[in-house]
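Structure first, commentary second.
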Amino acid sequence: MEFLTTNELSILRWIHILAMVYWLGGEWGVFQTSYNVTNRNLSLEERRRHMETAYRIDILARTGIVLLLPLGLHMGKLYGFVPSLDGSGIWWMWLFFAIWLAMTWTAFIKRETDIGVKVTKIEEMLRYPLIAILFIVTFMALEGSGPITSGEGNHWYPAKMGLYAFALCIGLFLRVVMRRWTVRFRKLAEGPDAAEENALEREIGQARIAAYIYWITIAGVCFLGAVKPF
Numbered sequence: 304m305e306f307l308t309t310n311e312l313s314i315l316r317w318i319h320i321l322a323m324v325y326w327l328g329g330e331w332g333v334f335q336t337s338y339n340v341t342n343r344n345l346s347l348e349e350r351r352r353h354m355e356t357a358y359r360i361d362i363l364a365r366t367g368i369v370l371l372l373p374l375g376l377h378m379g380k381l382y383g384f385v386p387s388l389d390g391s392g393i394w395w396m397w398l399f400f401a402i403w404l405a406m407t408w409t410a411f412i413k414r415e416t417d418i419g420v421k422v423t424k425i426e427e428m429l430r431y432p433l434i435a436i437l438f439i440v441t442f443m444a445l446e447g448s449g450p451i452t453s454g455e456g457n458h459w460y461p462a463k464m465g466l467y468a469f470a471l472c473i474g475l476f477l478r479v480v481m482r483r484w485t486v487r488f489r490k491l492a493e494g495p496d497a498a499e500e501n502a503l504e505r506e507i508g509q510a511r512i513a514a515y516i517y518w519i520t521i522a523g524v525c526f527l528g529a530v531k532p533f
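In this text, residue positions in the sequence shown follow the numbering used here: the first is 304, and each later residue adds one.
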């Protein structure tokens, strides 16, 4: 226990790096797999297998992105940036994100069922107020107010939070696209459907463009956390 207390910040930083790696690497894996998901030259069964592979890769990325925020807030508390998390606040914060992570895994495990689709939609809806709160807190911190204590030389912390919120926006769009995969492949299983095929290709084409912006944003988050430039 003494070891954990003494090395708390270092351990959190280590897990934070791992979460970032799984986030970035997982998104690349899903990106590459998506080419076979939309390949009409493959059988429907083969495409569904690639879709299954994409989901199994993506759950690591989803886990990483969910964990990054509580890890960052916990480290922010240790740095003195988030005094509101002192005392029991840190435990309530972790409880909230534990529930969010449980929903994420439930949606993954039940992804081929109506329950899975429903949980996925609820998890997506949670992101809207969270993104809004993160942006508001970021702007307040940069102006010297709000729950985040930031000053000269420490603006990288709220800036990183704002960039993370922007990444959540992109991730939300990518989550919606993947959720639609399940629905569209159910319809394709009933027989050839040109409209569904076209919609699938159009949405994944849009998602690939978003993915490039996503990677640049993730790299920016990494840069701010590692370099702390301002």
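Glycine included, every Cβ here is placed at the ideal spot set by N, Cα and C. Since we're looking at a predicted model, the values are computed, not measured.
Item	Value
Integer Cβ distance of Ile507 from Val480, believed to fall under 8 Å	7 Å
Cα-Cα separation, Ala529 to Asn344	44 Å
8 Å Cβ cutoff met for Thr452 and Gly390	no
Euclidean distance between Cα positions of Ile439 and Gly456	20 Å
Straight-line Cα distance separating Ala462 from Arg306	The residue asked about is misnamed: residue 306 is Phe in this sequence, not Arg. Each residue's Cα considered, the two are about 32 Å apart.
Among Gly523, Arg482, Met354 and Val340, nearest to Ala468 - alpha-carbon criterion	Gly523
Cβ of Glu349 within 8 Å of any chain D Cβ	Absence of chain D from the displayed structure is noted, only one protein chain being present.
Three-way DSSP call (helix, strand, coil) for Tyr428 in this model	According to the sequence displayed, residue 428 carries Met and not Tyr. Correct three-state label for Met428: helix.
Where the alpha helix (DSSP H) containing Ser346 begins and where it ends	Note, Ser346: premise wrong, no alpha helix (DSSP H); not H, not E.
Alpha-carbon to alpha-carbon, Ile473 and Tyr460	20 Å
Same chain only: Cβ atoms within 6 Å of Gly367, ignoring 5 sequence neighbours per side	Ala322, Tyr325 and Trp326
Same chain only: Cβ atoms within 6 Å of Phe476, ignoring 5 sequence neighbours per side	Ala513
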